Amino acid sequence: MNAGTFLLLSVPGFPLLMGLVLALGGIRKTTLLLAPWMALPALLMALTVTPGTSLEMSWLLLGTSLGIDETGRVFLFFTSLLWLLAGIYAAGYLASQATRLRFFTWYLFAMAGNLGLILAQDLAVFYTFFALMSFASYGLVVFEGTAEALRAGRIYIILVVIGEVLLFAGFVLAAQAAAGNIEFDTVQQVIAGSAKQDWVIGLVFLGFGIKAGVIGLHFWLPLAHPVAPTPASAVLSGAMIAAGLLGWLRVLPLGEASFAGWGEGMILIGLGSLYYAVLVGVVQQNAKTVLAYSSISKMGIMTMGIGLGMLAPQVWPLTLTAILIFALHHALVKGGLFLGAGMAAKAAGSKMQRRLIIGGLLILSLSLAGAPLTSGMLAKLLFKFPMMQITTPLLDWAQILLTLSALATTLLMARFLYLVWPQREVTGKNAAAPLAMWWSWLFLLAVVLISPVFIPLLA
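In this note's numbering, the protein residues as written are 4 to 462.
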């Protein structure tokens, strides 16, 4: 077994094994020390393994195929980094061993599903890991056990079940059209010429749209984020919401043929999500709820990108690059904002600490709004390039509205900063946030700051 194959197995295998040890009552003390670091193999793989590495296990499920390509590498990088830093943050955030035990059990299972689906190369494996991630996340949503958390969990799990049913139906139709071949490349080509293409596209769009927070399917997001622990909110909004986007990229026939009706519809839905979420978000009273609506708004931009891929396959390479960069930017910045909100809630004891929190949140907010010299500005510019290649009234308006969205996001971030601003002094040795929280948040902030340097290299 070479190093690449070992890493492929360890990416979902290590967190899954550690989660089972915690759930079954094994060597919990050691496992809890290792649990925050279980995303490290995935990060190493994203940074070191050459795209094209794959592993076939014909004896598992319908024939399991794991591998990494260029798209998967980008998703694996920001997803594993966010899970790693949120896990380290959680080690300081959760005070007692009992709460850490319960939290990391669900956390590790959800992580295994999220990382595993990125490496999946066929419908069956993707569906299995996606379901593991979705159902395990229920434990993170209801973790606090309050009435609000249980209500949010109830709505979340209902939508999860609906989404899984829709995806199962869509995947079965896709596999049927492909004569039992369930590899993504074959499925995408077959869907493009299938008589049932509209059924498959519709079911897949709706099924993954629930996870991606598409307008009309977004109800769980603003309910789940305020009640979940801060590190869980960071991965829910930064990493797991992107799993819906990756599902669209893997299954929909993007770049294969033009589907004008679906493309225009998705662009309109994306624009609706973009501005609806801002209008609702600016009147919220909870800072984490504001961030949840911000995620819905930003996923609207990525929905527009999927619509552009359906509408204009000739510019799909440019569009895919824009989507990947925007997803990376959003995951890192939104994860930083959620972790920063948790820092502000601790009301750090010294003026220096409070100024550092305020400064970090300002930088992250400006980046999300697309201020000059930030990753947000680069991500939005990349989105405009493929749109400029196609001349239609809808895309002309979409470019204008995309430009104006910077102002809309600025208003939303101003509301967030007003609600989260650490204003009170706290005294006592234990008033400040633990070092694990500080180091993980500051590291993520540093990555966001230098991202305008490495994002052009990725593009």
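Quick reminder that beta carbons are idealized off the backbone N, C-alpha and C, glycines included.
Just so you know, these numbers come straight off a predicted model, no measurement behind them.
Neighbour-count burial assignment, residue i, 16 or more Cβ in a 10 Å radius
| i | result |
| --- | --- |
| Met60 | exposed |
| Ser1 | Residue 1 falls outside the range modelled here, since the chain spans only 4 to 462, and no answer is possible. |
| Gln1 | Because the chain in this structure spans residues 4 to 462, residue 1 falls outside the shown range and cannot be described. |
| Gly148 | exposed |
| Leu384 | exposed |
| Arg358 | exposed |
| Gly264 | exposed |
| Thr34 | buried |
| Tyr421 | exposed |
| Lys32 | exposed |
| Ala198 | exposed |
| Thr377 | buried |
| Lys354 | exposed |
| Trp400 | exposed |
| Phe281 | Note that residue 281 is Val in the sequence shown, not Phe. Flag for Val281 reads buried. |
| Pro459 | exposed |
| Leu314 | buried |
| Gln356 | buried |
| Phe457 | exposed |
Contacting residues, own chain, Cβ-Cβ under 6 Å from residue i (five flanking each side not counted)
| i | result |
| --- | --- |
| Val254 | Val207 |
| Leu321 | Phe388, Pro389 |
| Leu143 | Trp109, Ala231, Ala235 |
| Leu340 | Leu294, Leu367 |
| Val190 | Ala177, Ala181 |
| Arg418 | Val285, Val293 |
| Leu323 | none |
| Ala89 | Pro234, Ala237, Val238 |
| Gly363 | Gly343, Leu448 |
| Ala382 | Ile328, Phe329, His332 |
Residue span of the beta strand (DSSP E) that contains residue i, given as start and end
| i | result |
| --- | --- |
| Leu58 | 57-60 |
| Leu69 | 67-70 |
Three-state class that DSSP yields for residue i in the structure shown
| i | result |
| --- | --- |
| Leu220 | coil |
| Glu147 | coil |
| Ala113 | helix |
| Ala101 | helix |
| Ala195 | helix |
| Thr430 | Any reading at Thr430 needs caution, since the residue's pLDDT is 45, under 50, leaving its predicted position unreliable; the model's value is listed next. Three-state DSSP puts Thr430 in coil, outside helix and strand. |
| Ala123 | strand |
| Leu277 | helix |
| Leu12 | helix |
Where the alpha helix (DSSP H) through residue i begins and ends
| i | result |
| --- | --- |
| Leu153 | 150-180 |
| Pro234 | 233-238 |
| Phe262 | Unbroken run through Phe262: none, as it is neither H nor E. |
| Thr292 | 290-314 |
| Thr51 | 43-51 |
| Met243 | Met243 -> no alpha helix (DSSP H), and no H or E assigned at all. |
| Leu367 | 354-372 |
| Thr34 | 31-37 |
| Gln200 | 200-215 |
| Ile328 | 319-348 |
| Pro389 | 378-391 |
| Ala409 | 396-423 |
| Glu186 | Element bounds for Glu186: n/a, residue is neither H nor E. |
| Leu87 | 73-96 |
Same chain, Cβ closer than 7 Å to residue i, neighbours up to 5 away in sequence not counted
| i | result |
| --- | --- |
| Pro44 | Leu10, Ser13, Val14, Phe17 |
| Pro225 | Thr292, Ala295, Tyr296 |
| Asn433 | Bear in mind that the predicted position of Asn433 carries a pLDDT of just 43, short of 50, making it unreliable; the figure below should be weighed with that in mind. Within the same chain, Asn433 has no close Cβ partners at all. |
| Leu397 | Glu267, Ile270 |
| Glu73 | Pro54 |
| Phe106 | Ala93, Leu97, Phe146, Pro232 |
| Thr413 | Ala372 |
| Ser140 | Ala113, Leu239, Met243 |
| Gln200 | Ile194 |
Proximal residues to residue i (C-beta, below 8 Å), its chain only, five neighbours per side dropped
| i | result |
| --- | --- |
| Phe222 | Ile158, Leu162 |
| Gln124 | Ser57, Ser68, Leu69, Gly70, Glu186, Phe187 |
| Leu452 | Ile366 |
Checklist entry - Between the region 156-172 and the region 218-234, are three or more C-beta pairs nearer than 8 Å? => result yes
Next on the checklist: For the structure I just gave you, are there three or more beta carbon pairs, one from the region 235-243 and one from the region 107-117, closer than 8 Å?
Outcome noted: yes
Item to check | Meets three-Cβ-pair contact criterion under 8 Å: the region 169-183 and the region 202-217 | outcome: yes
Item to check | Meets three-Cβ-pair contact criterion under 8 Å: the region 332-342 and the region 77-96 | outcome: yes
Item to check | the region 91-98 / the region 129-141 touching (three or more Cβ pairs under 8 Å) | outcome: no
Checklist entry - For the region 303-322 against the region 267-278, are there 3 or more C-beta pairs whose distance is under 8 Å? => result yes
Next on the checklist: Assess contact between the region 174-184 and the region 261-273, defined as three or more Cβ pairs (one per stretch) separated by less than 8 Å. Is contact present?
Outcome noted: no
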